[in-house]
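S.K.:
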Amino acid sequence: MSTEHNEHTQGDNTVNYEVKSPILETLGISKAYKVGGTLVSPVTDVSMQVGYGDFCVIFGPSGAGKTTLLGMLMGLEKPDIGEVFFKGSSIFGYSEDQRTMIRRKRVGFLTQSQYWIEGMKLVDNVALPLYVQGWRRSKARKESKQILEKVGLHDMSNRNPLDLSAGEQQKAALARALIKKPWIIYADEPTAHLDSESVVDFTNVLLATSEELGITVVMVTHDLNFLKLSKKWFFMQDGRLWDIADKRNPFTDIRQAIAYIEGQEAENGGAL
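For the sequence shown, counting from 1, position 246 maps to 451 in the numbering used here; every step adds exactly one.
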């Protein structure tokens with residue numbers, strides 16, 4: 206079968222890829238643990254595909270297995286059964302050191318909380334991944350300032366990141382992820398601690414920058430803003446994952462999914 210080829214440019218890097226092959230794929234992955242003598246299976250027989258440039262959302266109730274799944278997608282935790290493929294290669298076919306190097310150089314990660322080096326200006330905190338790679342300080346700082354401008358923080362480069370608001374810190378964290386020119390960004394509830402205005406601001410910046418740079422985003426979230434805006438989404442419950450296009454999916458369209466999440470939030474006092 207012939208395969209189309211395409212490319213996109215990130216800074217001075219041109220990335221070539223096959224359009225029809227996914228950047229991320231799992232085949233029947235499962236994971237189980239023993240907790241107090243009881244076997245718990247947070248992930249069961251999960252198969253999924255995420256294409257280049259996709260903005261993918263994985264959502265579901267607490268305890269559904271989303272965080273465990275994310276760890277396996279990132280190559281942090283090996284499945285008991287099944288395979289995880291990244292850019293066409295089995296990620297666990299690489300050594301632990303090789304997986305660490307891939308994550309360090311070309312994978313971004315966003316979490317609820319940010320970690321900054323005290324006494325280091327924002328521009329240097331954002332440039333940290335480049336310092337680790339051996340970049341000259343002047344070149345790394347120039348790149349950092351360009352990325353900070355892209356996320357709307359160009360006038361804060363000399364600030365202490367700890368003095369920034371929660372929303373500004375999350376955008377700074379996005380800048381630190383983007384500076385590596387990543388193939389993919391994994392995000393674990395990145396807006397959980399933000400107010401509604403900051404959520405909208407961060408959402409707009411994340412969508413705009415990932416689309417502009419052609420970066421794939423895989424996000425675990427309960428935030429309905431992302432669910433409504435994403436082009437590809439999965440529902441996870443009791444360790445199993447459903448694609449919206451899968452006939453087994455408990456929802457026939459995104460409106461049913463939103464209604465489900467809103468109902469779960471109401472039952473849990475406004476948060477899952």
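Built from N, CA and C at the ideal position, the CB exists for glycine as well.
Is the distance from the Cβ of Phe407 to the Cβ of Lys376 below 8 angstroms?
M.R.: Taking the sequence shown and counting its residues from 1, the one referred to as residue 407 is at position 202. Taking the sequence shown and counting its residues from 1, the one referred to as residue 376 is at position 171. Their beta carbons are under 8 angstroms apart, which means Phe407 touches Lys376 by this criterion.
S.K.: Is the segment 231 to 242 touching the segment 279 to 293, taking contact as three or more C-beta pairs under 8 angstroms?
M.R.: Touching, per the Cβ criterion.
S.K.: Determine, using beta-carbon pairs with one atom in the segment 265 to 281 and one in the segment 355 to 366, whether at least three such pairs fall under 8 angstroms.
M.R.: They do not touch, by the three-pair rule.
S.K.: Identify, in the order they occur along the chain, each residue of the same chain with its Cβ nearer than 6 angstroms to the Cβ of Gln317, setting aside the five sequence neighbours on each side.
M.R.: As a first step, residue 317 must be located in the sequence shown, where it is residue number 112. Cβ neighbours of Gln317 beyond the five flanking positions: Glu394, Ala397 and His398.
S.K.: Could you check what DSSP says for Glu425 in three-state terms: helix, strand or coil?
M.R.: On the sequence shown, position 220 is the one that residue 425 refers to. Looking at the sequence itself, residue 425 is Val, so the reference to Glu does not match. DSSP places Val425 in strand when its eight states are reduced to three.
S.K.: Helix, strand or coil: which one does DSSP assign to Glu230?
M.R.: As a working note, residue 230 is residue 25 in the sequence shown. Strand.
S.K.: So what's Lys326 in DSSP terms, helix, strand or just coil?
M.R.: Numbered from its first residue, the sequence shown carries residue 326 at position 121. In this structure, Lys326 counts as coil in the three-state DSSP scheme.
S.K.: By the 10 Å Cβ neighbour count, where 16 or more other Cβ atoms means buried, how is Asn330 classified, buried or exposed?
M.R.: For the purposes of this step, residue 330 is taken as residue 125 along the sequence shown, with counting starting at 1. Answer is buried; the Cβ neighbour count reaches 16.
S.K.: DSSP beta-bridge partners for Leu244?
M.R.: Along the sequence shown, one-based indexing puts residue 244 at 39. Leu244 is bridged to Lys239.
S.K.: Output the residue ranges of the beta strand (DSSP E) runs that lie fully inside the segment 288 to 315 and measure 3 residues or longer, sorted by chain position.
M.R.: The segment 288 to 315 contains these whole beta strand (DSSP E) runs: 312 to 315.
S.K.: For Gln351 and chain C, any beta-carbon pair shorter than 8 angstroms?
M.R.: Judged by its chain identifiers, the structure shown contains no chain C, having just a single protein chain.
S.K.: Per the DSSP calculation, Gln374 is bridged to which residue(s)?
M.R.: Along the sequence shown, read from residue 1 onward, the residue named residue 374 stands at position 169. DSSP lists no partner for Gln374.
S.K.: Cα-Cα, which of Trp321, Asp302, Lys310 and Leu315 is closest to Glu338?
M.R.: Along the sequence shown, one-based indexing puts residue 338 at 133. Looking at the sequence itself, residue 338 is Gln, so the reference to Glu does not match. Checked all of Trp321, Asp302, Lys310 and Leu315; the closest Cα to Gln338 is Lys310.
S.K.: Assuming contact is defined by CB atoms lying nearer than 8 angstroms, are Val422 and Ala392 in contact in what I supplied?
M.R.: For the purposes of this step, residue 422 is taken as residue 217 along the sequence shown, with counting starting at 1. For the purposes of this step, residue 392 is taken as residue 187 along the sequence shown, with counting starting at 1. Yes; because the gap between Cβ atoms is below 8 angstroms, this pair is in contact.
S.K.: From Ile390 to Gly241, what distance separates their C-alpha atoms?
M.R.: On the sequence shown, residue 390 is found 185 positions in, with the first residue counted as 1. On the sequence shown, residue 241 is found 36 positions in, with the first residue counted as 1. Their backbone Cα atoms lie some 35 angstroms apart in a straight line.
S.K.: Rounded C-beta distance between Gly265 and Met424? I'm assuming under 8 angstroms.
M.R.: The sequence position of residue 265 within the sequence shown is 60, counting from 1. The sequence position of residue 424 within the sequence shown is 219, counting from 1. Their Cβ separation, rounded to whole angstroms, is 13 angstroms, which puts Gly265 and Met424 out of contact at 8 angstroms.
S.K.: Can Leu446 be considered in contact with the ligand HEM, in the sense that its beta carbon sits closer than 7 angstroms to one or more heavy atoms?
M.R.: Annotation note on the ligand HEM: not contained in the displayed structure, which lists no ligands.
S.K.: Measuring straight from C-alpha to C-alpha, what distance separates Thr426 and Ile263?
M.R.: Start at 1 with the first residue of the sequence shown, and residue 426 comes out as number 221. Start at 1 with the first residue of the sequence shown, and residue 263 comes out as number 58. Near 7 angstroms, if we compare the C-alpha coordinates of Ile263 and Thr426.
S.K.: Determine the closest residue to Asp428 out of Asp400, Val255 and Tyr336, with distance taken between C-alpha atoms.
M.R.: Taking the sequence shown and counting its residues from 1, the one referred to as residue 428 is at position 223. Of the candidates Asp400, Val255 and Tyr336, the one whose C-alpha sits nearest the C-alpha of Asp428 is Asp400.
S.K.: For Lys350, which three-state DSSP category applies?
M.R.: As a first step, residue 350 is located in the sequence shown; it is residue number 145 there, counting from the start. Helix, per DSSP.
S.K.: Please report how far the alpha carbon of Gly324 lies from the alpha carbon of Val245, in whole angstroms.
M.R.: Position 119 of the sequence shown, counted from the start, is the residue given in the question as residue 324. Position 40 of the sequence shown, counted from the start, is the residue given in the question as residue 245. Rounded to whole angstroms, Gly324 to Val245 spans 44 angstroms at the Cα level.
S.K.: In this structure, does DSSP put Leu399 in helix, strand or coil?
M.R.: If you number the sequence shown from 1, residue 399 lands on position 194. Three-state DSSP puts Leu399 in coil, outside helix and strand.
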